[in-house]
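Enquirer: Got a structure for you, written out below as structure tokens; questions coming shortly.
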Amino acid sequence: MRKPLKILIITLGALLLIVLLAGVAVLITVHASFPQTRGTLTAKGLNEPVEVLRDRLGVPHIRARTMHDLYFAQGFVTAQDRFWQMEFWRRIGSGRLSELFGKTTLGTDIYLRTVGFRRVADQDYAALGQEARDVFQAYADGVNAYILNRPARKLSLEFALLKLQGVKFEIEPWMIQNSLTWLKLMSQDLGGNMRREMYTIDLIHKLGLSLTRDFFGSYRAGEMPFIVPDSELRQSLLKRGVPGAAGAERGGTPSPAYPAPTAEQLAALSGVSTRLVGGFDLGSALALGTGAGIGSNNWVIGGSRTLSGKPLLANDPHLGIQMPSIWNEVDLYCSAQDAQMGKRAGGTFHVRGFTFAGTPGVVVGHNDRIAWGVTNLNPDVQDLYIERINPENPNQYEVNGRWVDMKIHREEIRVHHQDDPVVLLARETRHGPLITDQESFAGYRGFAINPHGEFPMNLELKALSLRWTALQANSTFLSVLRLNDSRNFTDFRESLRLWDIPSQNFVYADVDGNIGYQTPGLIPIRRKGDGSVPSPGWTDDYEWTGFIPFEDLPYSFNPAKGYVVTANNPVASDAYRYFLSRDFDNGYRAQRIVEMVEGAGRKLSLSDMQAMQGDILNTSAREIMPYLAGLQLKGASAQARDLLMKWDFKMRPESARAAVYAWFWQSLIEEIFKDKLSAALWNPDTGLESNSRLMNTVYLMLKTPTHPLWDRTSTLDVKESRDDILARAIETAVKRGSKAQGSDIRKWRWGRVHTAVFRNLTFGKSGIRLIERIFNRGPFPVGGGFQQVYMADWKPSAPFDVYAISSMRQIIDLSDLSGSVVINATGQSGHTGNRHYDDMIDSWSKVRYHPTWWDEAALVSSRPDRLVLSPH
């Protein structure tokens, strides 16, 4: 062999060996954090051995002899599967992201330290009763038994990558407060009225009050359903003299157009600068996700309408798409016969469902007697107050004619790659934190000059403070523990009496055949105003006077119609004597679910529930389509319109017509709103109802061909009408769609442009393609869209990338709990490369489910992995 050839072979061999060794090193690093799921592990702190059976999808079924050991094992097993997610979430809640990620997350930390989630969690901890404290401590002890005995690289690949980047950190013990801060983050994401108030100010400045009301529209009472119609409310809860106060199922008084500021509120807004808020959303989006897709569906069907004669309960929460899933599936069983912490009566304890990594118990699911599901109620529990600041002392504010000292909280934020911490002095008024101290809200600070005085004495400095039910001690997690152990509707309601935040629509079913609904939560009663815009903070005129008594919150038990449906639509009409919210969904999903229930023409089965959760009918398109028939169109635009006129309104991923409609809808809302408002105003990320609001507003406008909003402000010499804009929208849709999918409209496919990517919330957004490929999954073609029951929402600012989804689905069969089915969005594991990291995505996208293995014999016969946690 010639020497050059020999050198080449040796070089290539060495390079191959290096590549192989590097590959082996990567595999070892990735697999280092995978949990042990078979055999025996020592877990100091247990009293007796605990058995953990992981089914074929990695879901843990925990079997303990005491409640202490059950919650301890839940903490241990959750840390095995999801500790990076737990660590990330606790750093969000504590405002400590910048210690790992540097200046990129400093604004988020400043906001989180300003509102003080961790400070309030300390108050929650102090208010915990002994029973709840014992449960949380057992859970924390289980987490610590796992994480404190292992190097960081064996807890998650993310920790190993941080070490490679030179980030210095220590794995700190898990504390009860770390679990409690999660509740604040959940409330942040599910209650965004603060954003809406500031958004409303900007709209009023741009459009004026009248057109702002038209832009928001009003709920179509009589067409769209209420969760608890007037006929199901106690007469004492109805306003006297209100027409329709005993209305039909969809009846009741219509909700007035939003907003409804008082004269004093509008006057107080003078001098308050306007700039649509944006930066702080990073903090909340890191948890559940925020915006127009954050909602949910749930419904319960009574035995009179089911094949089995017993209830069926369905639930699919709509949250931000991410990797791993927001939800953590678990099955908890304790064989103890006596009452113990978290178990109020004798007999075994068995509960199954979904929770969040870092919190004990089950948030959504069922036990051996009852089942429950949730959707976001989104009540108005956040109020902004305009505070007058003392020009002589910025740490004082006016209260009833005198200057009062603010509370000052000193916070130190450590930032990666910075020697010195960032020092924050968070100011707090009687209402709450002064949020305009935070940079992304600074545009809402302002000043006014009183014309009846001389400068500088006539100078009025103004800032905004936030009052919010999440910023006070609450008992929601005790409610979760009580809920897990409830036996009937009375227990269920008493458990929810303790549910303070965030308010949810709870549906209920039990094995005896009962169904029901309950609104829980701290919902304020205001002396004046409805919280639609910031209120004067220097008087007591707009103060909260208390909260709606639990006995007066809407509920329903075995309604005559035989079902309850909630999909973020209004709980009750304006005949209800208390104000709940105007931040609701406009009823499209709720209407469609009711339509499927009432239009079935037969008894319903579990497979019918599956079909309903997978329903992709676009009811908004069905409303709009008749207005396209008479348009004068030519060529490809006429072809597109003709295709739509023969459409069945279903957003199938393989459908050309669905793609045509999506391009048309996107073009239509841009044609209407884009030249009148900035993108941040017509397409805001201000709450769960933004997309349904656009649909509702457009529908209401269609009835008035010359409505002022049809006219384009950029064409001063032309006054456009409805048909002009509809035609322009079709023409624009054809041009944009052809550029993206080709000139043959018949070959367009909705699933080619409407795709879901599951992104890891840290390294999945690193900007490094290789790293992102390791942590992310997708894109996956999906059907549905916003305001279909099958939720796969996109933002009009970024068509048609899915950003909010049905984050899990469950259908519970109360005739046979072992026949219930569920699916999580991604997988049980938080470890990339693990077989359970992404093994549910395909089933999720196709609306398929997995069994729950509720029955012990079925679980054992499925040959699960068996791990014994031993105290010795």
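Residue numbers (the numbering used here): 347 to 1218.
Glycine included, C-beta positions come from ideal geometry on N, C-alpha and C.
Bear in mind that the values here come from a model prediction, so they are computed numbers and not experimental data.
With a threshold of 16 other CB atoms inside 10 Å of the CB of arginine 1092, please say whether the residue is buried or exposed.
Expert: Arginine 1092 comes out exposed.
Enquirer: Within its chain, find whatever has a CB closer than 8 Å to the CB of glycine 439; leave out the 5 residues flanking it on each side and keep chain order.
Expert: Excluding residues within five positions, the ones whose Cβ falls inside 8 Å are Leu458, Phe463, Arg464, Ala467, Asn524, Thr527, Trp528, Lys530, Leu531.
Enquirer: Out of Ser881, Phe1019, Pro571, point me to the one whose CA is closest to aspartate 560's CA.
Expert: For aspartate 560, the nearest C-alpha among the options comes from Phe1019.
Enquirer: For glycine 976, is the classification buried or exposed, using 16 other Cβ atoms within 10 angstroms of its Cβ as the cut-off for buried?
Expert: The residue in question, glycine 976, is exposed, as its Cβ has fewer than 16 Cβ neighbours within 10 Å.
Enquirer: Using three-state DSSP, classify methionine 997 as helix, strand or coil.
Expert: Three-state DSSP puts methionine 997 in coil, outside helix and strand.
Enquirer: Which of helix, strand or coil does DSSP assign to lysine 1022?
Expert: Reduced to three states, the DSSP call for lysine 1022 is coil.
Enquirer: Measure the C-alpha to C-alpha separation of phenylalanine 1128 and leucine 579 and round it to an integer number of angstroms.
Expert: In the sequence as presented, phenylalanine is not what sits at residue 1128; that position holds valine. Spanning the two alpha carbons is a distance of roughly 40 Å.
Enquirer: Give the range of the beta strand (DSSP E) segment to which isoleucine 781 is assigned.
Expert: Where isoleucine 781 is concerned, there is no enclosing beta strand (DSSP E), given that its DSSP letter is neither H nor E.
Enquirer: Could you spell out where the beta strand (DSSP E) holding methionine 1154 opens and where it closes?
Expert: Its beta strand (DSSP E) spans residues 1154-1159.
Enquirer: With DSSP as the reference, label isoleucine 1114 as helix, strand or coil.
Expert: Residue state, collapsed to three classes: coil.
Enquirer: If you draw a straight line from the C-alpha of isoleucine 654 to the C-alpha of serine 1161, how long is it?
Expert: The residue you asked about is not isoleucine; residue 654 is serine in the sequence shown. So the alpha carbons of these two residues sit roughly 6 Å apart.
Enquirer: Buried or exposed for aspartate 1063, please, with buried defined as at least 16 other CB atoms from any protein chain shown within 10 angstroms of its CB.
Expert: With fewer than 16 Cβ atoms within 10 Å of its Cβ, aspartate 1063 is classed as exposed.
Enquirer: Assign asparagine 1106 to one of two classes, buried (16 or more other C-beta atoms within 10 Å of its C-beta) or exposed (fewer than that).
Expert: By the neighbour-count rule (16 or more Cβ atoms within 10 Å), asparagine 1106 is buried.
Enquirer: Please identify the residue among Arg715, Leu723, Phe1126, Met752 whose C-alpha is closest to the C-alpha of glutamate 733.
Expert: Cα-wise, what sits closest to glutamate 733 is Met752.
Enquirer: Between glutamate 397 and arginine 409, how many whole angstroms is the CB-CB distance? I'm expecting something under 8 Å.
Expert: At roughly 4 Å, the Cβ-Cβ gap stays under 8 Å, so glutamate 397 and arginine 409 are in contact.
Enquirer: Please go through the segment 915-951 and give each complete alpha helix (DSSP H) segment of 4 or more residues, from N-terminal end onward.
Expert: The qualifying runs are 934-944.
Enquirer: Check whether the Cβ atoms of valine 646 and serine 902 lie closer than 7 Å to each other.
Expert: Contact flag unset, no.
Enquirer: Report the CB separation of serine 336 from tyrosine 1195 in whole angstroms; it is logged as a contact under 8 Å.
Expert: Residue 336 lies beyond the residue range present for the chain, which begins at 347 and ends at 1218; the question has no answer from this structure.
Enquirer: Rounded C-beta distance between leucine 1215 and glutamine 382? I'm assuming under 8 Å.
Expert: Not confirmed; about 10 Å, so no contact.
Enquirer: Which residues in the same chain have their Cβ closer than 8 Å to the Cβ of asparagine 932, if we skip the five residues on either side of it in sequence?
Expert: Here the set comprises Gly563, Tyr565, Arg566, Met570, Asn915, Glu1035, Ser1038, Arg1039, Met1041, Asn1042.
Enquirer: Which full runs of the alpha helix (DSSP H) of 4+ residues lie inside the segment 433-481, going along the chain?
Expert: You should have 444-447, 452-461, 463-473.
Enquirer: If you drop the 5 nearest sequence neighbours on each side, which residues of the same chain put their C-beta closer than 8 Å to that of isoleucine 1071?
Expert: So the list reads Leu1014, Glu1017, Ile1018, Trp1056, Arg1058, once near-sequence residues are dropped.
Enquirer: Near valine 1099, which residues of its chain fall below 8 Å by C-beta distance, leaving aside the five closest residues on each side in sequence?
Expert: Taken in chain order, the residues that qualify are Ala1005, Ala1008, Ala1086, Gln1087, Pro1145, Phe1146.
Enquirer: Helix, strand or coil: which one does DSSP assign to arginine 1039?
Expert: If DSSP states are grouped into helix, strand and coil, arginine 1039 belongs with the helices.
Enquirer: For glycine 981, does the three-state DSSP call read helix, strand or coil?
Expert: Glycine 981: helix per DSSP, three-state reduction.
Enquirer: Name, in chain order, the residues that DSSP records as bridge partners for arginine 872.
Expert: Bridge partners of arginine 872: Trp890.
Enquirer: Assign leucine 1047 to buried or exposed, taking buried as 16 or more other Cβ atoms, counted over all protein chains shown, within 10 Å of its Cβ.
Expert: A small fix is needed here, since residue 1047 is methionine in this sequence, not leucine. Looking at its Cβ environment, which holds 16 or more other Cβ atoms inside 10 Å, methionine 1047 is buried.
Enquirer: Quick one: grab the DSSP three-state call for methionine 570.
Expert: Note: methionine 570 maps to strand in three-state DSSP.
Enquirer: What does a CB cutoff of less than 8 Å around threonine 1101 pick up in its chain, not counting 5 residues either side in sequence?
Expert: Once the five neighbours on either side are set aside, the close Cβ partners of threonine 1101 are Gly1124, Pro1125, Phe1126, Pro1127, Val1128, Phe1146, Asp1147, Val1148.
Enquirer: Along the chain, where does the alpha helix (DSSP H) containing tryptophan 1190 start, and where does it finish?
Expert: It spans 1187-1191 - the alpha helix (DSSP H) in which tryptophan 1190 sits, taken as one unbroken run.
Enquirer: If contact is defined by three or more beta carbon pairs under 8 Å, each pair taking one atom from either stretch, is the segment 702-716 in contact with the segment 660-674?
Expert: Contact holds: three or more Cβ-Cβ distances are below 8 Å.
Enquirer: Inspect the CB distances between the segment 835-846 and the segment 869-887 and report whether three or more fall short of 8 Å.
Expert: With the cut-off at 8 Å, the segment 835-846 and the segment 869-887 do not touch.
Enquirer: In whole angstroms, what separates the C-alpha of glycine 862 from that of leucine 730?
Expert: Answer to the nearest angstrom: the Cα atoms are 34 Å apart.
Enquirer: Following the continuous beta strand (DSSP E) through valine 697, name the residue where it begins and the one where it ends.
Expert: It spans 695-702 - the beta strand (DSSP E) in which valine 697 sits, taken as one unbroken run.
Enquirer: Looking only at C-alpha atoms, which of Val943, Ala425, Asp726, Phe925 sits nearest to threonine 912?
Expert: Looking at the Cα atoms, Val943 is the closest of the given residues.
Enquirer: Which residue or residues does DSSP assign as beta-bridge partners of aspartate 677?
Expert: His407, Arg698, per the DSSP bridge assignment.
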